[in-house]
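Visitor: The numbering used here applies: residue 56 is where the sequence shown begins, and numbers increase by one. Where is the CB? At the ideal position from N, CA and C, for every residue including glycine. Because the structure is a prediction, the values reported are computed rather than measured.
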Amino acid sequence: MTTRTRTALGALLIVVVVLATGVYLWQAGGPSGTAAAAAPGGASITLVDQRDGGDAVSTTDPGQTDGPRTPTGLRCQRVYTAGGTTVCLRLAGIGPSFEAAVIVGGAEVKTIPLPGVPSRARVSASGKVVSWTVFVTGDSYASAGGFSTRTGYYDLRDGTLVESLETFALTVDGVAHTALDVNYWGMTFQTDDTTFYATVGTGGRRWLIKGSTSAKTAATVRQGPECPSLSPDGKHLAYKKATKWVGRWELAVEDLETGTEKVLPNTSGIDDQAAWLDDNTLAYGVPSQQTGVPGIYRVQSNGTTDPILIATAASSPVPNR
């Protein structure tokens, strides 16, 4: 990353997040809850269990609220699995320090040092590309939200490691953009393992972008959407978008063919990159306004139902297809 203007407030906020995370880990984990109906497809989900502060990765049945959780043996702050590949963003040591572990078929094949606190994790449907977003210390900008992020990816096909999307050529409204205050977060991949969506923040604004890992380019699509997530069939894009309340978001879904957007009711408070359990169902985390501890909810992507609580004291939902 190039040298940038650092703001004391932004740096202080990030340092506090890092220190709080380190203490929390080394000591060892929304909407009103509704009784869960039958889970879509009957599949289990993977989540990060935060009940004891140990970040144990477990599986559970999303068809019942707070059903039994079966530990997998992993401990991750964020986790995602697809196509037989798992990416686990985890604590690597005192400091604290963090790393991304890439696991294929139960075997750890790659570890990648991370420059900050884990925030988002994704794996392409084929399992060939993994990505991560972290909050970074020492690179704080006077930008929207006053934070700094770093988003990178690893391609298992040829071993390509891109530590930051900031090396990509970015165009904003069709014009080459070279400002230094750029932050990227929340990648999601199309089935070609090359095309992706993400969010970029620059100049006090946040944009949905579409890019290519092969061309190493990205271009803005429109303002507003954050933490995009492509549906399994590639027809819809879910994302969080700002509400009239500062610091709060709602979950929305866009039909990529028609461009029609639907805001899902009673999803205010989401601060997550939603995961698609199937082509019609989303799961996402919401931190409690009272305790800050997240819970996981699921909701129909057409907005016809209210969110249903899956698990309390849990985060990072992953479909087990």
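Taking all protein chains shown into account, do 16 or more other C-beta atoms lie within 10 angstroms of the C-beta of residue 264, making it buried, or fewer, making it exposed?
Guide: buried
Visitor: Should residue 231 be labelled buried (16 or more other beta-carbon atoms within 10 Å of its own) or exposed?
Guide: exposed
Visitor: Just to confirm before moving on: does the CB-CB distance between residue 373 and residue 329 stay below 8 Å?
Guide: no
Visitor: Using DSSP with H/G/I as helix, E/B as strand and the rest coil, what is residue 222?
Guide: helix
Visitor: At what residue ranges does the stretch 107-169 contain a whole run of the beta strand (DSSP E), taking only runs of 3 or more?
Guide: 111-115, 125-130, 133-137, 140-148, 152-159, 162-169
Visitor: Run through the DSSP bridge pairs and tell me what residue 173 is partnered with.
Guide: Partner(s): 189.
Visitor: Can you tell me which residues form a DSSP beta bridge with residue 27?
Guide: With the chain running from 56 to 376 in the structure shown, residue 27 is simply not present.
Visitor: Mark residue 196 as exposed unless 16 or more other C-beta atoms lie within 10 angstroms of its C-beta, in which case mark it buried.
Guide: For residue 196, the pLDDT reaches just 43, beneath the cut-off of 50, and the residue's location in the model is therefore unreliable, although a value from the coordinates is still provided. Counting Cβ neighbours within 10 Å, residue 196 comes out buried, since at least 16 surround it.
Visitor: May I ask you to report which of helix, strand or coil DSSP gives residue 355?
Guide: For residue 355, the secondary structure class from DSSP, reduced to helix, strand or coil, is strand.
Visitor: Which term fits residue 299, buried or exposed, when burial requires 16 or more other beta carbons within 10 angstroms of its beta carbon?
Guide: exposed
Visitor: Where does residue 244 sit, in a helix, a strand or coil, going by DSSP?
Guide: Collapsing the DSSP output to three states places residue 244 in a strand.
Visitor: Would you give the residue range spanned by the beta strand (DSSP E) that residue 102 belongs to?
Guide: 100-104 is the span of the beta strand (DSSP E), which, as asked, contains residue 102.
Visitor: Does the distance from the CB of residue 364 to the CB of residue 120 come in under 8 Å?
Guide: yes
Visitor: Going by DSSP, what residues sit across from residue 363 in a beta bridge?
Guide: 353
Visitor: Assuming residue 184 and residue 213 are in contact, meaning their beta carbons sit under 8 Å apart, how far apart are those beta carbons, in whole angstroms?
Guide: At roughly 11 Å, the Cβ-Cβ gap does not stay under 8 Å, so residue 184 and residue 213 are not in contact.
Visitor: Just to check my reading of the structure: residue 240 and residue 253 have Cβ atoms closer than 8 Å, yes? What is that Cβ distance to the nearest angstrom?
Guide: 7 Å
Visitor: Short of 6 Å in beta carbon distance, which residues of its chain neighbour residue 205, apart from the five on each side in sequence? Order them along the chain.
Guide: Cβ neighbours of residue 205 beyond the five flanking positions: 170, 189, 191, 219.
Visitor: Quick check: the Cα distance between residue 247 and residue 125, rounded to an integer number of angstroms?
Guide: 33 Å
Visitor: Evaluate residue 357 with the Cβ neighbour count: other Cβ atoms within 10 Å of its Cβ, from every protein chain shown; 16 or more gives buried, anything less gives exposed.
Guide: Answer is exposed; the Cβ neighbour count stays below 16.
Visitor: Along the chain, where does the beta strand (DSSP E) containing residue 345 start, and where does it finish?
Guide: If you look at residue 345, you'll find it isn't in any beta strand (DSSP E); DSSP assigns it neither H nor E.
Visitor: Using the rule of at least 16 other Cβ atoms within 10 Å of the residue's Cβ for burial, across every protein chain shown, is residue 168 buried or exposed?
Guide: exposed
Visitor: Could you tell me the boundaries of the beta strand (DSSP E) in which residue 379 lies?
Guide: This structure cannot settle anything about residue 379, because the visible part of the chain is limited to 56 through 376.
Visitor: Tell whether a beta-carbon distance below 8 Å holds between residue 268 and residue 227.
Guide: no
Visitor: Do residue 368 and residue 115 have their C-beta atoms closer together than 8 Å?
Guide: no
Visitor: From the DSSP output, read off the bridge partner residues of residue 336.
Guide: 333, 355, per the DSSP bridge assignment.
Visitor: Taking 6 Å as the limit between beta carbons, can you name the residues of its chain near residue 86, skipping five residues before and five after?
Guide: With a pLDDT of 42 at residue 86, under the threshold of 50, the modelled position of that residue is not reliable, and the figure given next carries that caveat. Result list for residue 86: 321, 362, in chain order.
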